[in-house]
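If you read the protein sequences in the order shown, they are chains Z and S.
According to this note's numbering, the first sequence is numbered sequentially starting from 1.
According to this note's numbering, the second sequence is numbered sequentially starting from 1001.
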Amino acid sequence: MTAVAVEAGWRRRLERRQLLARLFVAGCQVATLLGLLFLGLLLADVVQDAVPYLRREVVTNFPSRFPRQAGYASALVGTVYVAGLMSLVAFPLGVLAAVYLEEYARPGRLTRLLEVNVANLAAVPSVLYGLLGLGLFVEGLRMGKSVLAGALTLALLVLPLTILSSREAIRAVPFSIREAAYALGATRWQVVRHHVLPYAAPGILTGTILSLSRAVGETAPLIMLGALQYVPFLPRGVWDYFTVLPIQIFNYVSLPNPEFHRLAAAGILLLLAVLLILNGTAIWLRNRWRVRW
Amino acid sequence: MVERWRKARRRERWIGLFLAGHGWLSVAVTVGLVSVLAYETVQFFRLPLDAADPALVSRRADLQRFVEARPDLVGQPWRLVREFFTETTWSPLYSTKRFGVLPLVAATLLTSVVALAVAVPLGLLAAVYLSEFAPGHVRARLKPALEVLAGIPTIVYGYFALTFVTPWLQDHVFGQAMSSQNSLSAGLVMGFMILPLVSSLSDDVMQAVPADLRHGAYALGATRMEVALRVVFPAALSGIGAACVLALSRAVGETMIVALAAGQSPNWTFNPLEPVETITAFIVQVSLGDTPYGSVEYRTLFAVGALLFVSTFVLNVASVRVVQRFRERYA
């Protein structure tokens, strides 16, 4: 074989390899766009279904057998109630646990066990937290199907997420800050309280808002607790029955009448709006207060 | 001065203990979860013994129904254990009361496999694009946009699968062969839900592959595809494997999509066009009805819950092991 023939064969193969590479890059691009396309399709479908129900009554009315008169008033208030109470429980616990893990715990077997445990809890399916809440709060502690039982169950669900995100925020505070405070004679708690926590606060807040939005969208654990689907009143105390947006939506989707499906789509838009506000706040906070070291 | 110092030290010690208490709270949650599941699961397998106690049976309507339906199980807990793990009929809510959990397991596997069939190829290609080919500013926009998929509540996906995907597939692809509830639509939609899990984690590990390796391959004349598939991909394989195992774990535990779109009929089938019932969907179905504390239905709830806990736990541990075992180290 002459050198020219070898050269020609090499060139042909090179062209084929380059063509293949171009096709591959295009394929990767298409795969990425398919995900976004799916997202767009989903949102477009929900909006289209919801159009006839985008009225004030959807927010102000209570559930009803007649789709035209039904609304999400009790579900909206229930969501705010449960999420608020959950935040009061979960966030102090989660942040203090994160402070312990980052600032106090000595590296060793026990600490490693704690860390693995938190990571594993974060990956437990949410429906199992529902079973825990049912066995522990509803039946074990006789709380019944109350706002309190729901809030505590969700608190356990978001606790590992809060711990993980707060740890990230605390870890981002540079060590020199702590060393400077120690050098001036501060105790460990004074370093944490006066220096680490203030600097980590925006990050901690962002993380907690994101875990709050996770809790607001959860359906399964609250169904386990028997969160009632037909609640024609606003909960007045922590012992009242309650319903939340995702459960009310689930209820309407499971009804055969397609009018209720449209009502459910309107509820989904409501839910997505709540989540958008929460996540928007989190992103705004992060950009507004971010410290660059 | 010394007195003040002592006081401060005592205060510090108490604060340390207080914080440690919060740190250990998460262990208490795990202990609580495991003990609730274990206790009620034991109660489930003790059903035949309770049914053998005439005084108890006379007071409890659900035990009476159990004895009438399954006289063969009375006093035979091991027979119930064997039935649970080996038989293919699941009907604890009906009058026949069969307790073979395999149909629920099969349905869970079926929907998860469909979901992975969507999420793994699409997610990996997307990860390769984000990590290797997309310019920095495009990646900074696309990655969060994809992650929006993971932030959408699962009830929304369930709605979409039931009211859009299934009718569309019925009209354009399968016709009447497809039931209005089936594992194919549920799995497809679930695949898009876990797509960002695969793509973001894989993208992160591919980014961590040292640039020197890429430069070396390019210097030898490799094309962009060859660098991505033969250099970066194998180097990141441990992390990619972990991401896929985590995605499987998420699919197995996913509840609302399958409860709405895959159905509530515990059929023993691997046909993705038929209605089935996953483990999680059964848990939802039971808790929608009235389940008094300690009843037969209440106990089945925790028995299948324990099964779900063990499966996802094994998968989560496996994903950590995959990383440790197959990690390539670059010093």
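Built from N, CA and C at the ideal position, the CB exists for glycine as well.
Outcome for residue i when other beta-carbon atoms lying within 10 angstroms are tallied against a minimum of 16
i       : result
Z/Q312  : For residue 312 of chain Z there is no data in the structure shown, the boundaries of chain Z being 1 and 293.
S/M1256 : buried
S/N1182 : buried
Z/H261  : buried
S/Q1064 : exposed
Z/L212  : buried
S/D1171 : exposed
S/A1272 : Here residue 1272 of chain S is Pro; the residue named in the question, Ala, does not match the sequence. So S/P1272 ends up on the buried side.
S/M1001 : exposed
S/P1167 : exposed
S/L1184 : buried
Z/L37   : exposed
Z/A8    : exposed
S/S1035 : exposed
S/P1103 : buried
S/G1136 : exposed
Option nearest residue i by Cα separation, candidates the options
i       : options                        : result
S/L1146 : Z/V25, Z/T32, Z/W10            : Z/T32
Z/L148  : Z/I204, Z/L278, Z/L14, Z/T243  : Z/T243
S/S993  : Z/L272, Z/G267, Z/Q29, Z/V116  : Within the shown structure, residues of chain S are numbered from 1001 to 1331, placing residue 993 of chain S beyond reach of any answer.
Z/L159  : Z/V173, Z/Y81, Z/A97           : Z/A97
Z/A151  : Z/R55, Z/L19, Z/S87, Z/R178    : Z/S87
Z/N257  : Z/A181, Z/P63, Z/P67, Z/L14    : Z/P67
Z/V95   : Z/I163, Z/S64, Z/A119, Z/L121  : Z/I163
S/V1237 : S/L1102, S/R1059, S/S1319      : Note that residue 1237 of chain S is Leu in the sequence shown, not Val. It is S/S1319 whose Cα lies nearest to the Cα of S/L1237.
Z/A155  : Z/L269, Z/N287, Z/R214         : Z/R214
Z/W45   : Z/A264, Z/R288, Z/L222, Z/L275 : Here residue 45 of chain Z turns out to be Asp, not Trp, going by the sequence shown. Comparing Cα-Cα distances from Z/D45 to each of Z/A264, Z/R288, Z/L222, Z/L275, the minimum goes to Z/A264.
S/A1281 : S/R1299, S/T1291, S/A1261      : S/A1261
S/F1326 : S/V1284, S/V1304, S/F1233      : S/F1233
S/G1241 : S/V1120, S/R1139, S/V1304      : S/V1120
S/N1316 : Z/E57, Z/R56, Z/N117, Z/R106   : Z/N117
Z/V80   : Z/L275, Z/G280, Z/I283         : Z/L275
Z/L132  : S/G1305, S/L1201, S/R1010      : S/G1305
Cβ pair residue i, residue j closer than 8 Å
i       : j       : result
S/S1311 : S/V1252 : yes
S/A1150 : S/L1197 : yes
S/G1032 : S/T1111 : no
S/S1265 : S/V1276 : yes
S/M1193 : S/Y1157 : yes
Z/L255  : Z/T153  : no
S/G1023 : Z/L157  : no
Z/L245  : Z/A75   : yes
S/P1077 : S/R1046 : yes
S/L1213 : S/A1235 : yes
Z/Y182  : S/G1016 : no
Z/G140  : Z/A220  : no
S/A1217 : S/E1226 : yes
Z/P232  : Z/F62   : yes
Z/I268  : Z/I249  : yes
Z/G217  : Z/S165  : no
S/R1224 : Z/A21   : yes
S/V1114 : S/G1191 : yes
Z/I223  : S/V1284 : yes
S/A945  : S/F1066 : For chain S, the structure presents residues 1001 to 1331; residue 945 of chain S sits outside this window and is missing.
S/T1108 : S/G1100 : no
7 Å Cβ cut-off: residues of chain S touching residue i
i      : result
Z/H261 : T1163
Z/A273 : By Cβ distance, chain S contributes nothing, its closest Cβ being about 12 Å from Z/A273, past 7 Å.
Z/W189 : E1012, I1015
Z/L132 : G1032, L1033, V1036
Z/F24  : M1225
Z/Q18  : T1223
Z/I268 : V1156, Y1159
Listed by chain order, chain Z residues near residue i by CB distance under 9 Å
i       : result
S/R1299 : Those do not exist, as S/R1299 stays about 11 Å from chain Z at its closest Cβ, beyond 9 Å.
S/T1269 : Per Cβ cutoff of 9 Å: no residues; S/T1269 is ~23 Å from chain Z at best.
Where residue i meets chain Z, residues with beta-carbon distance less than 8 Å
i       : result
S/M1206 : Correct list: empty, because the minimum Cβ distance to chain Z is about 12 Å.
S/Y1293 : E139
S/G1241 : Per Cβ cutoff of 8 Å: no residues; S/G1241 is ~16 Å from chain Z at best.
Chain Z residues whose Cβ lies nearer than 7 Å to that of residue i
i       : result
S/F1133 : V25, C28
S/N1316 : N120, A123
S/L1273 : What S/L1273 touches in chain Z: nothing, since even the nearest Cβ is about 21 Å away.
S/V1128 : C28
Listed by chain order, chain S residues near residue i by CB distance under 9 Å
i      : result
Z/I223 : T1255, M1256, A1259, I1283, V1284, S1287, L1288
Residue i: contacting residues in chain S (beta-carbon distance under 8 Å)
i      : result
Z/E179 : What Z/E179 touches in chain S: nothing, since even the nearest Cβ is about 18 Å away.
Original post:
Which whole runs of the alpha helix (DSSP H) in the segment 185 to 273 of chain Z are 4 residues long or more, in chain order?
Top reply: Residue ranges of uninterrupted alpha helix (DSSP H) with 4 or more members, entirely inside the segment 185 to 273 of chain Z and ordered along the chain, are 188 to 191, 197 to 216, 220 to 224, 245 to 254.
**OP:** Return the chain-ordered ranges of every alpha helix (DSSP H) run that is complete within the segment 120 to 185 of chain Z and spans a minimum of 4 residues.
**Re:** Those alpha helix (DSSP H) runs which fall completely within the segment 120 to 185 of chain Z and span 4+ residues are 126 to 133, 147 to 171, 175 to 183.
**OP:** Compile a chain-ordered list of the residues in the segment 98 to 109 of chain Z whose CB is closer than 7 Å to at least one CB of chain A.
**Re:** The displayed structure is made up of protein chains Z and S, and chain A is not among them.
Subject >> Minimum length 4: unbroken alpha helix (DSSP H) runs contained in the segment 1117 to 1171 of chain S >> reply: If only complete runs of 4 or more residues are kept, the segment 1117 to 1171 of chain S shows the alpha helix (DSSP H) at 1136 to 1151, 1154 to 1160, 1166 to 1169, in order along the chain.
Subject >> Contiguous beta strand (DSSP E) assignments of at least 3 residues, all confined to the segment 1182 to 1213 of chain S >> reply: Within the segment 1182 to 1213 of chain S, complete beta strand (DSSP E) segments of at least 3 residues are not found at all.
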